[in-house]
Amino acid sequence: EFHDRVNVDHGQQHMHGADVLRLTFEWSGREDRLRRKTGQAPSRSVASQPEQPTTALAPATEPATAPATQPAREPMKITWFGPLVIQPVEYTPEPDRKRYRIGAEGDRIAMTDGRVSASCTAFEFLSPEQTGHLSGTDKAPVRLAMEDGEEVVSEKIAFDRRAGTARLTGRGTMFRPSAQSTTQPDEALAAATQPATAPAGDRISWTDSVAVRFVETRQGDRTRQEIRNARFLGGVELLEGRTGDFVRCDDLDVTMAPSVSGGRTHPARAVARGHVTARQEGSDIEADKVTMTFAPSGEGDTARARPATVLAEGHVKIRDLRGKEPTLATADRVDADVEARTAKLTGKEASIRQGPNSLVGKQIELNEKDESAVVVGPGRLSFLTKKDLNGQDLAQPREITVAWSRGMGYGNRTNTAAFTGDVDLVSGPDRMQCETMQIWMERTDSATQPAPATQPVGEHDRRLALNLENYSGRRLAMIKAKGEVRVQSRREDPDKRF
285 EFHDRVNVDH GQQHMHGADV LRLTFEWSGR EDRLRRKTGQ APSRSVASQP EQPTTALAPA
345 TEPATAPATQ PAREPMKITW FGPLVIQPVE YTPEPDRKRY RIGAEGDRIA MTDGRVSASC
405 TAFEFLSPEQ TGHLSGTDKA PVRLAMEDGE EVVSEKIAFD RRAGTARLTG RGTMFRPSAQ
465 STTQPDEALA AATQPATAPA GDRISWTDSV AVRFVETRQG DRTRQEIRNA RFLGGVELLE
525 GRTGDFVRCD DLDVTMAPSV SGGRTHPARA VARGHVTARQ EGSDIEADKV TMTFAPSGEG
585 DTARARPATV LAEGHVKIRD LRGKEPTLAT ADRVDADVEA RTAKLTGKEA SIRQGPNSLV
645 GKQIELNEKD ESAVVVGPGR LSFLTKKDLN GQDLAQPREI TVAWSRGMGY GNRTNTAAFT
705 GDVDLVSGPD RMQCETMQIW MERTDSATQP APATQPVGEH DRRLALNLEN YSGRRLAMIK
765 AKGEVRVQSR REDPDKRF
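Going left to right, the sequence shown walks through residues 285 to 782 as the working numbering numbers them.
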């Protein structure tokens, strides 16, 4: 046991600031023979002066914090200001130099290997189990800082390198800067005790715990840990620093895609459960469960993951905020392909509403690229018209509602809508019923809105395809009805005499 302001230096590995450092290891007769050959007498005990530090070289067992990354005989220097206590624990007939335990405690322990820096109040590492933990407090949590600027903060981090698992317990955050930055080895130790200073980046926080699965990969003579899956529990919030997009939920399960040619990993799939609220590229989503897949955008270390598909399930509400008026969609399930610009809404009564416009049905299929909408089965469409069924201009726009029993297809490019099965059109005092109906509208410029000025050049529009502005303020050009057509029209005297 080393006491009082203990520092350890071992090549690029450093540990500073421990109040107590404990080393438990098995020392075989081989070490005694080596010492006799070199003329060194084995130390029995050491008592340091209070004013001066004491130093020692670690025994040949080399219980380093990461022994696999260092040459076998690189010396370790330990400096301390208090007493050194050496105590035999038990006799081991066949000692193993790879079996040891390292533990330390202190108000603020800082460690680094030149690539990853850590600060904590206690840590422990066991070999050959390759397990350990770093502990902190609510006010002084564990902090890991990587050389590329990524940072992890949690009250406790326990790991099992053999199993490739880690668990983060208590409130914490993970931070990834928006642009890669590197930390020089001589700056790493100081960085371990400082919060992230990057102005923008992606941040995820939680209140309960995180379970992580990782793999160790090798690049040349270096090894690194890459996360393959992470499950976040309790008050989870993921915030994308560049766009302001976010996900909030009770439980978030993220699967990462492997890195390519040494680049950064990126999310491949994310599943959010429980009180899910999210904002993705201008669309606000509420649901019981949201599953997202991602596609890489860009190359190398600047590559980012962009949403590719979105599946929302259970009490789904989606608000698209980028049109002239917000669009609100409700359904039991929404399946959107962000790349293809398509969306399918299903439910007992799925609906899309935008101001006076609405589209309701059990299955609504939208294609924003084709500017088309299809309803499978019964449904109804409502929008404003500036002409009555006689083709006369109206002083004020009037709502027109069309209901059907079998299906509907709408194409904005052709300005036509086709309805089949028990079609019932109602517009004020006018009503038309038939088996099939086609409606032509006067052509206007496409209502598709341009991307906002804040969208980076070269980025694709990543909204969900829920635009209903194509229906707004149209003039009826022609109606064609077939099959048992019935028309009702009522006119009132301006003087209200009949």
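Ideal placement from N, C-alpha and C gives every residue a C-beta, glycine not left out.
As the structure is a computational prediction, the values presented were derived from the model and not from experiment.
Identify, in the order they occur along the chain, each residue of the same chain with its Cβ nearer than 6 Å to the Cβ of D492, setting aside the five sequence neighbours on each side. L517, G518
Tell me, which residues are paired with F225 by DSSP? One cannot answer for residue 225 here, as it falls past the ends of the chain, which runs 285 to 782.
Counting pairs of beta carbons, one from the stretch 529 to 536 and one from the stretch 552 to 559, are three or more of them closer than 8 Å? yes
Counting only the same chain and skipping the five closest in sequence on each side, list residues whose C-beta sits under 6 Å from that of S465. Bear in mind that a pLDDT of 44 at S465, under 50, signals an unreliable position, so the number given afterwards is only what the model happens to contain. Correct list, in chain order: G433.
Which of the three DSSP states, helix, strand or coil, is assigned to M360? coil
Please report the Cβ distance between V618 and V600, rounded to the nearest whole angstrom; I am assuming they are in contact, meaning their Cβ atoms lie under 8 Å. 5 Å
From G525 to A562, what does the alpha carbon distance come to, in whole angstroms? Our two residues, G525 and A562, have alpha carbons roughly 14 Å apart in a direct line.
Residue nearest to P412 in terms of C-alpha spacing, selected from V496, I488, R455, T308: It is T308 whose Cα lies nearest to the Cα of P412.
When you compare each of D303, V437, T415, T698 to D422 by their alpha carbons, which one comes out closest? V437
Compare the C-alpha of L629 against each of V660, C718, R512, N641 and name the closest. V660
Along the chain, where does the beta strand (DSSP E) that runs through D486 open and close? Per DSSP, D486 belongs to the beta strand (DSSP E) from 485 to 490.
Of all the alpha helix (DSSP H) runs that stay within the bounds of the stretch 535 to 619, which reach a length of 4 or more residues? none
Which whole-angstrom value is the C-beta distance of N699 and M725, which I expect to be below 8 Å? In this structure N699 touches M725 by the C-beta definition: roughly 5 Å separates them, less than 8 Å.
Counting Cβ pairs closer than 8 Å, one from the stretch 650 to 658 and one from the stretch 676 to 690, do we hit at least three? no
Buried or exposed: where does Q371 fall if 16 or more other Cβ atoms within 10 Å of its Cβ makes it buried? Exposed is the call here.
With DSSP as the reference, label D432 as helix, strand or coil. coil
Quick one, are the C-beta atoms of I511 and M540 less than 7 Å apart? yes
What is the C-beta distance between S642 and T614, in whole angstroms, given that I count them as a contact (C-beta under 8 Å)? With 8 Å as the limit, S642 and T614 do not qualify as a contact, their Cβ atoms being about 11 Å apart.
With H, G and I counted as helix, E and B as strand and the rest as coil, what does DSSP make of V499? Residue state, collapsed to three classes: strand.
Closer than 8 Å by C-beta to R383: which residues in its own chain qualify, once you throw out the five before and the five after it? Chain order, please. F309, E310, S411, P412
For the stretch 504 to 530, list the beta strand (DSSP E) runs that are entirely contained and at least 3 residues long, ordered along the chain. 506 to 523
Buried or exposed: S567, going by 16 or more other Cβ atoms within 10 Å of its Cβ? buried
Between A442 and the rest of its own chain, which residues show a CB-CB distance below 6 Å, the 5 nearest in sequence each way excluded? H417, R451
Cα-Cα separation between G366 and H300, rounded to whole angstroms: 15 Å
Mind checking whether T453 and R497 have CB atoms under 7 Å apart? no
What are the boundary residues of the beta strand (DSSP E) that W724 is part of? 714 to 725
If you follow the beta strand (DSSP E) that L410 is part of, which residue opens it and which one closes it? 400 to 411
Let me know if N291 comes out buried or exposed under the rule of 16 or more other beta-carbons within 10 Å of its beta-carbon. buried
Throw me the rounded Cβ distance for the A302 and G390 pair, which I believe falls under 8 Å. 4 Å
CA-to-CA distance, V560 to V369, given in whole angstroms: 55 Å
Just to confirm, is the Cβ distance from E374 to G387 under 7 Å? no
Taking L668 as the reference, give the member of R682, D677, Q676 with the closest Cα. R682
Assign L665 to buried or exposed, taking buried as 16 or more other Cβ atoms, counted over all protein chains shown, within 10 Å of its Cβ. With 16 or more other Cβ atoms inside 10 Å of its own Cβ, L665 counts as buried.
So who's on the other strand from V426, going by DSSP bridges? S438
Please name the residue, chosen from Q296, S403, W364, A402, that lies closest to E358 on a Cα-to-Cα basis. Q296
Taking Cβ to Cβ, would you say E521 is nearer than 7 Å to S489? In terms of Cβ geometry, E521 and S489 form a close pair [threshold 7 Å].
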